[in-house]
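Asker: As given, the protein sequences belong to chains A and B, one line each in that order. My numbering puts the first residue of the first sequence at -14, with every later residue one more than the last. My numbering puts the first residue of the second sequence at -14, with every later residue one more than the last. A virtual CB, placed ideally from N, CA and C, is assigned to each residue, including glycine. Would you mind keeping the following structure in view while I ask a few things?
Protein chains: 2
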Amino acid sequence: MAIGTRDRIVETTAKLFLERGYTGTGMKAVALGSNATFGSLYHYFPGGKEELAAEALRTAADGYASRVGEVLGGAPDVVTAVRLAFEGAAVTLQDTDYADACPIATVALEVASSNEALRQVTAEIFEGWLVFLEIPFLAAGLDQPRARELAILFLAALEGGFLLCRAAKDPAPMYALGRTVVEAVEHALADTRP
Amino acid sequence: MAIGTRDRIVETTAKLFLERGYTGTGMKAVALGSNATFGSLYHYFPGGKEELAAEALRTAADGYASRVGEVLGGAPDVVTAVRLAFEGAAVTLQDTDYADACPIATVALEVASSNEALRQVTAEIFEGWLVFLEIPFLAAGLDQPRARELAILFLAALEGGFLLCRAAKDPAPMYALGRTVVEAVEHALADTRP
DNA sequence: GTCTATACTTTGATAGAC
DNA sequence: GTCTATCAAAGTATAGAC
């Protein structure tokens, strides 16, 4: 079945958020990029830009979690999974001229102090990701607090890596983070199995 | 000596960048916040918003490096320094209602794919910070590549922590990162002194 | 559901008096 | 150096025909 107008609008919005952020993405640009008109935009999203943004963020977050989930699920063990995630992020950045990074981060920082409704949306997304990322660490035998700590380290390092790599147009920081975070995970596992 | 109009403009811009980002900060708001007029704005910054942004970013970056430098320099050893840096960031976030975070990150993500001139400014700032952060690790006896890896981990984790804490309005991620990054530093030091 | 036209505001920027 | 007035463009959003 063909992709509907509504889906195209959401998809275009998420893509524009990646490149230009929330404030930098105009409804005009969304209409143009999705081959929709203002009538369609406000027909599907009576709440305007804010409502559209909320849905675009949630959709993009689900898609990104799926991508990361495939990498993590396809690895034989947690350490390999973490290593592949950072290496994959580095390669993807290079392949897309440093455009394909976290679809939430830019908007999250923009709205954190200026738009309470969207701030909550980004908070829910990150919390969902953290719960999702705890799973492989729990499966590897770590207790809950420890699994959460490592999930936070994983996500924060990935986000920081996106920031440094995109600014420098250089994948090196992401590779370096892959090495240090892998070491941290190895040490955490060693502590539970002396 | 009194603070000049020019300084007020730059300071106001940096502050607004923290709360609203680059695209979200209008020249009108800068003029209002700094008690300056459009005439003064474009008198001091003929290059307009872009030129003003570049200077605001560089000034804010120097100020932030000084603040971090004081924390790092005042600690008896690297491990303590790292711990205090993350704990200090967490406390500052809480004290300022999650507004006082990295003065560069939001703008850096916004411009990474859409404004090459400002992207380069943010790249230079981050590179300067990394060189600055390598120092305590080198002083602790680590070799250059290793010191760089840990500087990247430190900065990326801090940036990722700002993101997660601001989105959630919760300092917990920053404290968790403090613990895991401290462990990573401890292990790195242990490897060089077996 | 989709279209065009339009209202209204804000944006970055400039001109010229003072 | 500072001020006011003003511009053209882009911003969000709405109305009403189809």
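Threshold first: 3 residues or longer. Then list the beta strand (DSSP E) segments lying entirely within the stretch 3 to 48 of chain A, N to C.
Answerer: Counting only runs of 3 or more, we get nothing.
Asker: According to the Cβ coordinates, are Glu95 of chain A and Gly6 of chain A closer than 8 Å?
Answerer: Sequence index remark: in the first sequence, residue 95 of chain A carries index 110 (1-based). Sequence index remark: in the first sequence, residue 6 of chain A carries index 21 (1-based). In contact: Glu95 of chain A and Gly6 of chain A (Cβ atoms closer than 8 Å).
Asker: Identify each residue in the stretch 77 to 107 of chain A for which the Cβ-Cβ distance to at least one residue of chain B is less than 7 Å, and report them in chain order.
Answerer: Those would be Tyr83, Ala84, Ala90, Thr91, Ala93, Leu94, Glu95, Ala97, Ser98, Ser99, Arg104, Thr107, in chain order.
Asker: State yes or no: is the beta carbon of Pro158 of chain A nearer than 8 Å to at least one beta carbon in chain B?
Answerer: Here residue 158 of chain A corresponds to residue number 173 of the first sequence, with the count starting at 1. It does: the Cβ of Pro158 of chain A has a partner Cβ on chain B nearer than 8 Å.
Asker: In whole angstroms, what is the alpha-carbon distance linking Arg43 of chain A and Thr(-2) of chain A?
Answerer: Counting from one through the first sequence, the residue named residue 43 of chain A turns up at place 58. Counting from one through the first sequence, the residue named residue -2 of chain A turns up at place 13. Going by the C-alpha atoms only, they are around 11 Å apart.
Asker: Determine the direct distance from the alpha carbon of Tyr29 of chain A to that of Arg(-9) of chain A, and round the result to whole angstroms.
Answerer: For the purposes of this step, residue -9 of chain A is identified with residue 6 of the first sequence, where counting begins at 1. For the purposes of this step, residue 29 of chain A is identified with residue 44 of the first sequence, where counting begins at 1. Approximately 7 Å between the Cα atoms of the pair.
Asker: Given that a residue counts as buried once 16 or more other Cβ atoms are within 10 Å of its Cβ, and exposed if not, what is Phe139 of chain B?
Answerer: On the second sequence, position 154 is the one that residue 139 of chain B refers to. It is buried - the Cβ of Phe139 of chain B has at least 16 other Cβ atoms within 10 Å.
Asker: The alpha helix (DSSP H) spanning Ile(-12) of chain B covers which residue range?
Answerer: Translated into positions along the second sequence, residue -12 of chain B becomes position 3. Unbroken run through Ile(-12) of chain B: none, as it is neither H nor E.
Asker: Just mark Ala23 of chain A as buried or exposed, buried being the case when its beta carbon has 16 or more other beta carbons within 10 Å.
Answerer: Start at 1 with the first residue of the first sequence, and residue 23 of chain A comes out as number 38. Note on residue identity: the sequence assigns Phe, not Ala, to residue 23 of chain A. Exposed, since its Cβ has fewer than 16 Cβ neighbours within 10 Å.
Asker: Pull up the distance between the alpha-carbon of Ala169 of chain B and that of Gly9 of chain B, whole angstroms please.
Answerer: Along the second sequence, read from residue 1 onward, the residue named residue 169 of chain B stands at position 184. Along the second sequence, read from residue 1 onward, the residue named residue 9 of chain B stands at position 24. Those two C-alpha atoms are separated by around 37 Å.
Asker: What are the boundary residues of the alpha helix (DSSP H) that includes Cys150 of chain B?
Answerer: Walking along the second sequence from the start, residue 150 of chain B turns up at place 165. Looking at the DSSP string, the run of the alpha helix (DSSP H) that includes Cys150 of chain B is 129 to 153.
Asker: If I'm right that Ala86 of chain B touches Phe147 of chain B with Cβ under 8 Å, what's the distance once you round it to whole angstroms?
Answerer: The count along the second sequence starts at 1 and reaches residue 86 of chain B at position 101. The count along the second sequence starts at 1 and reaches residue 147 of chain B at position 162. Between Phe147 of chain B and Ala86 of chain B the Cβ distance is about 4 Å, and since that is below 8 Å, they are a contact.
Asker: Would Thr177 of chain B count as contacting chain A if we go by Cβ distances under 8 Å?
Answerer: In the second sequence, the residue the question calls residue 177 of chain B occupies position 192. Not an interface residue.
Asker: How about Gly6 of chain A: is its C-beta nearer than 8 Å to some C-beta of chain B?
Answerer: Indexing the first sequence from 1 puts residue 6 of chain A at position 21. At least one chain B Cβ lies under 8 Å of Gly6 of chain A.
Asker: Any idea if Glu144 of chain A is buried or exposed, counting beta-carbon neighbours within 10 angstroms, 16 or more meaning buried?
Answerer: For the purposes of this step, residue 144 of chain A is identified with residue 159 of the first sequence, where counting begins at 1. Buried, by the Cβ-count rule.
Asker: Report back the beta-carbon spacing between Leu69 of chain B and Cys150 of chain B to the nearest angstrom; my notes put them in contact at under 8 Å.
Answerer: Locating residue 69 of chain B in the second sequence gives position 84, counting from the first residue. Locating residue 150 of chain B in the second sequence gives position 165, counting from the first residue. Rounded, the Cβ-Cβ distance is 17 Å, inconsistent with contact.
Asker: Measuring CA to CA, which of B:Thr165, B:Ala41, B:Gly(-11) is closest to Lys0 of chain B?
Answerer: Mapped onto the second sequence, residue 0 of chain B falls at position 15. It is B:Ala41 whose Cα lies nearest to the Cα of Lys0 of chain B.
Asker: Taking C-beta pairs closer than 7 Å, name the residues in chain B that Phe111 of chain A reaches, listed in chain order.
Answerer: As a position in the first sequence, residue 111 of chain A is number 126, starting the count at 1. Chain B residues near Phe111 of chain A: Leu149, Ala152, Ala153.
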